[in-house]
Ligand SMILES: [Zn+2]
């Protein structure tokens, strides 16, 4: 027990007590506490275990720089890896330490620390290589890593991201940020101010200062009031985590009630970075013991939460800032000894003991710090050691904006160098630590920080000097990296994991660089620093997902007649982004689909084909344009007629197939596959604008404007006649006609994807329901059946009609599908033509063929046609489509096969999931090869 | 996320755009040799620094020319193709 609650602490309400649990232990707290302040107040020192060696660890800091104090929030609102220094203490919160098995206090992995000299940097990489790292991986991962995900938890609730613009975004609401925000707002600019803390004020919340006669934090509160009155948006618990291209800053705003932090994407004309600076540790042996903390954090806990972190406190500093901490702890009755490592004449001037020029050689203690031994050999008993090795400005956002850092000897840190357009760095983030300089002319009374003594880890020092508490990196690991010639900072980082995970260079980076500089005989700026990357603090993926989950993850497109299909018992599936009926009825997939496919061939089938592409191409050059776009010549098509054709990629592969309808001389409809409409519309636009006179041909996608209802089967003409569309006797296959339905025009094309006589009726989408119902009503006399997508797939497969992307892949040419005419005879230029003549393209050709099962069972779709060459199985093609045909009463299949057209009748071997089956190569069309059904 | 200025719609987030290729990668005529044709199809300059590219703004479907720097990500100019149609 070393921490205790004093009578001070302005942020906590002594009349409101609450409690939470940590590793099953009940922790008392007050309203206003963070989890960290409450744990420290009740004397809890060990709050985590080291990542690698499982040494006991206590809190180092009081904010987002905290490397050790990380825990999982348990329960329904489970959140892994929460920094306890930022987490408000709330009633009933349940926390579980990380890396502790079972708890941080009692960790059975702690034995690992005794083997530490056998587990240097990269130990796991080097040791567990043979025969296969994956054999060791699960065990090693179980031992390492940070928090544990709770599979039963429901995860974060959704938070909608916000896009915002402003004139000025101010990052950090410390004294510099508050003053800058006020100046900008007073000048009439639209300002957004954000801060990661629960309250604005930054260092004024804990460091003693007077501004214009006011207490520092009262001044901060007054400025916030002024800002709100000026219309400034002030965001608390909001971290600016990343700076992206073209002035974009990403913010994450913590939410209550288990919702994910809300993402703000802010584009500001100017961003002012006032993110402050983070205190560094000092290099002495065992500087990771619980009880060794940042001096600034010690002051923070005391003045804000009334928590004194110790009773016998040694404070070691390389700068003037730690005197505030020493004074404050002395005033509440702690026994303070301050080691001013700069030397000088401070000894005897203070009410506490000051020793100058004597660094700590080692901290002593087993589970927590008990004493320190100085370089002079003197031993000082202490339950707490507070250290300040100087401050590292938080320049992350400047660096992410491609800003170039420069080294400053005075503050021993990298500072922003040349200005970056649209970004200004001020205050401690720019290396200005003294309040009087941050707020000039404002009557500031505050202690001076002064310069920082350079005191960095030295090579071959005794004991284990920790540089990165979160990743368990010591000075010896950096020396090992140097011996193995991994001396560049980026190699050093990856080899030792220095500065990875949460830390991102907040506390660990600079001591590691400084040691490497010393080892290589270079200066720190010559050694350089690693690239800062977002995020500054971890952001859950749920925040980036925002509302894109469940139905909104990848929204499906819906048919105008969906409700009607549901009432008719349709089961829906997604096809190419559209939610469509797969089959109707409750008799099970196989039975219903077979029933539909059989009935459609015998009488008439009704199919909702509304997603079918309907892209209009209009203008005097439309025919010329389509000649270029299609593999087939299209300008010879007569108005009122339809033609089937292919569109190729420039690489010569089939991109889409479909029917082109010539409505008028200068107006066509590209009836492309329903899943390819967007791709086709883009392709048409690109070529139109690239190679044609844009005033003479235009593209207009009307797909969603019309519903398309397909009537197919031998009785389809009779049904349409019964509905009132005339006799249609004169309408040949691949021709266009028009009818009327309740005052609306109906475009009727006689095209077929089933091989039977078929008609496609296109009508305004909002009037389709009446027509569909009329077709269903009149259809009863013809035994009409509602056809889902699955049955349609069988009908087209019986005929050998292809689905592009299923029966073709990225190298299938039109000739492979049996369409050779244009390749051999066409004169004009068309998309992909030249590629069809490349020898390399021809060399890898496969033909689409039919494959007959030699058993009553359908062939496995996706199975490879194999041949054994020199003892090894080689693929010669694969099955693209396979069904049981209710109209042929046998299985049918298609596949792509090398040299397939020359192998008709041959028996080939298929290989699928460890089994072989035989099949006979056959023509693709299994039913009605003469095409008589079209006119039946 | 970058902001690209569509010559017709003004600045919009990069996710609204579709890359069309290097500017000046002219389609060879029908008599092109195999190597000229495959260069047109497959050879990308992947320039470091200033570059001129063709992009489409998917929202308005207009194709335009964009001069930008692949290192600094600065967009120096965008230009409608063939004037304002
Ligand atoms: Zn646009």
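Residue numbers (UniProt numbering), protein chains in the order written: chain A, 1 to 936; chain B, 1 to 85. Here a beta-carbon is modelled for each residue, glycine too, at the ideal position from N, C-alpha and C.
Within the continuous alpha helix (DSSP H) that includes residue 242(A), where are the two ends?
By 1-based counting over the first chain, the position of residue 242(A) is 242. Residue 242(A) -> not in any alpha helix (DSSP H); beta strand (DSSP E) instead, spanning 238-244.
So if I threshold CB-CB distances at 7 Å, which residues from the segment 230-260 of chain A count as touching chain B?
Listed by position, the residues of the segment 230-260 of chain A near chain B (Cβ gap below 7 Å) are 244, 245, 246 and 248.
Report back the beta-carbon spacing between residue 608(A) and residue 584(A) to the nearest angstrom; my notes put them in contact at under 8 Å.
One-based indexing of the first chain puts residue 608(A) at position 608. One-based indexing of the first chain puts residue 584(A) at position 584. So it is not a contact: roughly 11 Å between Cβ atoms.
Give, in chain order, every residue of the segment 290-323 of chain A whose Cβ lies closer than 8 Å to some Cβ of chain B.
For the segment 290-323 of chain A, which is checked against every Cβ of chain B, not one residue is closer than 8 Å.
Could you pull the DSSP bridge partners for residue 10(B) from this structure?
Position 10 of the second chain, counted from the start, is the residue given in the question as residue 10(B). 6(B), per the DSSP bridge assignment.
Are the C-beta atoms of residue 85(B) and some chain A residue less than 8 Å apart?
Translated into positions along the second chain, residue 85(B) becomes position 85. With a pLDDT of 42 at residue 85(B), under the threshold of 50, the modelled position of this residue cannot be trusted, and the question is left open.
For ligand 1, I want to know if residue 271(A) counts as a neighbour, meaning its beta carbon is within less than 7 Å of at least one of the ligand's heavy atoms.
The sequence position of residue 271(A) within the first chain is 271, counting from 1. No, since every heavy atom of ligand 1 falls outside the 7 Å radius drawn around the Cβ of residue 271(A).
Taking 8 Å as the threshold, find out whether the segment 617-630 of chain A comes into contact with the segment 655-671 of chain A through three or more Cβ pairs.
Because the criterion of three Cβ pairs below 8 Å is met, the segment 617-630 of chain A and the segment 655-671 of chain A touch.
In three-state terms, what does DSSP make of residue 25(A)?
The residue you call residue 25(A) lines up with position 25 of the first chain. Reduced to three states, the DSSP call for residue 25(A) is strand.
Out of 38(A), 452(A) and 778(A), which has the shortest C-alpha to C-alpha gap to residue 88(A)?
The count along the first chain starts at 1 and reaches residue 88(A) at position 88. It is 38(A) whose Cα lies nearest to the Cα of residue 88(A).
Given a cut-off of 8 Å on the beta-carbon distance, is the pair residue 379(A) and residue 56(A) in contact?
Residue mapping note: residue 379(A) aligns to position 379 of the first chain, counting from 1. Residue mapping note: residue 56(A) aligns to position 56 of the first chain, counting from 1. No. Outside cutoff.
When Cβ atoms are compared, which residues of the segment 53-72 of chain B fall closer than 7 Å to chain A?
The segment 53-72 of chain B vs chain A, Cβ under 7 Å: 56, 61 and 63.
DSSP three-state label for residue 321(A), please.
For the purposes of this step, residue 321(A) is taken as the residue at position 321 of the first chain. It is coil, neither helix nor strand.
Please report how far the alpha carbon of residue 106(A) lies from the alpha carbon of residue 95(A), in whole angstroms.
The count along the first chain starts at 1 and reaches residue 106(A) at position 106. The count along the first chain starts at 1 and reaches residue 95(A) at position 95. Their backbone Cα atoms lie some 16 Å apart in a straight line.
Check the C-beta distance from residue 789(A) over to residue 573(A) and give it rounded, since I have them as a contact under 8 Å.
In the first chain, residue 789(A) corresponds to position 789, counting from 1. In the first chain, residue 573(A) corresponds to position 573, counting from 1. Correct: roughly 7 Å between the Cβ atoms.
Considering only residues of the UniProt domain "SoxA A3" (462-546) of chain A, which uninterrupted alpha helix (DSSP H) runs meet the minimum length of 4 residues and lie entirely inside it, listed in chain order?
Listed in chain order, they are 475-483, 489-496, 509-520, 524-527 and 541-545.
Assign residue 938(A) to one of two classes, buried (16 or more other C-beta atoms within 10 Å of its C-beta) or exposed (fewer than that).
With chain A covering 1 to 936 only, the question about residue 938(A) has no answer from this structure.
On the premise that residue 400(A) lies in contact with residue 534(A), defined as a C-beta separation below 8 Å, what is that separation, rounded to the nearest angstrom?
Stepping through the first chain from its first residue, residue 534(A) is reached at position 534. Stepping through the first chain from its first residue, residue 400(A) is reached at position 400. About 6 Å separates the two Cβ atoms, so the contact holds.
Straight-line CA distance for residue 459(A) to residue 479(A)?
Within the first chain, residue 459(A) is the residue found at index 459, counting from 1. Within the first chain, residue 479(A) is the residue found at index 479, counting from 1. For residue 459(A) and residue 479(A), the distance between alpha carbons rounds to 7 Å.
Closer than 8 Å, Cβ to any Cβ of chain B: which residues of the segment 630-654 of chain A, in chain order?
Going along the segment 630-654 of chain A in chain order, one finds 650 and 651 with a Cβ nearer than 8 Å to chain B.
With distances taken between CB atoms, is the gap from residue 208(A) to residue 503(A) smaller than 8 Å?
By one-based count along the first chain, residue 208(A) stands at place 208. By one-based count along the first chain, residue 503(A) stands at place 503. No, the pair does not count as a contact, with Cβ atoms beyond the cut-off.
For residue 10(A), count neighbouring C-beta atoms within 10 Å of its own C-beta (all shown protein chains included) and say buried if the count is 16 or more, exposed if not.
Residue numbering aside, residue 10(A) sits at position 10 when the first chain is read from its first letter. By the neighbour-count rule (16 or more Cβ atoms within 10 Å), residue 10(A) is not buried but exposed.
To the nearest angstrom, how far is it from the Cα of residue 774(A) to the Cα of residue 737(A)?
Taking the first chain and counting its residues from 1, one reaches residue 774(A) at position 774. Taking the first chain and counting its residues from 1, one reaches residue 737(A) at position 737. Answer to the nearest angstrom: the Cα atoms are 19 Å apart.
Where do the N-terminal and C-terminal ends of the alpha helix (DSSP H) with residue 399(A) fall, by residue?
For the purposes of this step, residue 399(A) is taken as the residue at position 399 of the first chain. First-last of the alpha helix (DSSP H) with residue 399(A): 396-400.
Check whether the Cβ of residue 8(B) sits closer than 7 Å to any heavy atom of ligand 1, and report yes or no.
Here the question's residue 8(B) lines up with position 8 in the second chain. Under cutoff, so the answer is yes.
Tell whether a beta-carbon distance below 8 Å holds between residue 260(A) and residue 419(A).
In the first chain, the residue the question calls residue 260(A) occupies position 260. In the first chain, the residue the question calls residue 419(A) occupies position 419. For residue 260(A) and residue 419(A), no; Cβs fall outside 8 Å.
Just the Cα atoms here: how many angstroms apart are residue 22(B) and residue 200(A)?
Sequence index remark: in the second chain, residue 22(B) carries index 22 (1-based). Sequence index remark: in the first chain, residue 200(A) carries index 200 (1-based). Roughly 49 Å separates the two Cα atoms.
Per DSSP, what kind of secondary structure is residue 745(A) in: helix, strand or coil?
As a position in the first chain, residue 745(A) is number 745, starting the count at 1. Here residue 745(A) sits in strand by DSSP.
With C-beta atoms as the reference, is residue 941(A) less than 8 Å away from residue 277(A)?
As displayed, chain A neither begins before 1 nor continues past 936, which places residue 941(A) out of reach and without an answer.
Pick out whichever of 764(A), 293(A), 757(A) and 336(A) has its Cα sitting closest to the Cα of residue 747(A).
Start at 1 with the first residue of the first chain, and residue 747(A) comes out as number 747. Ranking the options by Cα distance to residue 747(A), first place goes to 764(A).
For the candidate residues 323(A), 652(A) and 160(A), whose alpha-carbon lies nearest to that of residue 552(A)?
Indexing the first chain from 1 puts residue 552(A) at position 552. When only C-alpha atoms are compared, the closest one is 160(A).
Can you tell me where the alpha helix (DSSP H) holding residue 868(A) begins and where it ends?
Position 868 of the first chain, counting from 1, holds the residue named residue 868(A). No alpha helix (DSSP H) holds residue 868(A); the beta strand (DSSP E) holding it covers 864-869.
Tell me the DSSP bridge mates of residue 80(B)?
Position 80 of the second chain holds residue 80(B). Partner(s): 64(B).
For residue 918(A), count neighbouring C-beta atoms within 10 Å of its own C-beta (all shown protein chains included) and say buried if the count is 16 or more, exposed if not.
Position 918 of the first chain, counted from the first residue, corresponds to residue 918(A). Residue 918(A) is exposed by the Cβ-count criterion.
Let me check you understand the geometry: is the CB of residue 62(B) closer than 7 Å to at least one non-hydrogen atom of ligand 1?
Taking the second chain and counting its residues from 1, one reaches residue 62(B) at position 62. Yes, ligand 1 has a heavy atom inside 7 Å of this Cβ.
Which residue's Cα is closest to the Cα of residue 42(A): 536(A), 50(A), 53(A) and 30(A)?
Against the first chain, residue 42(A) aligns to sequence position 42. Nearest of 536(A), 50(A), 53(A) and 30(A) to residue 42(A), Cα basis: 30(A).
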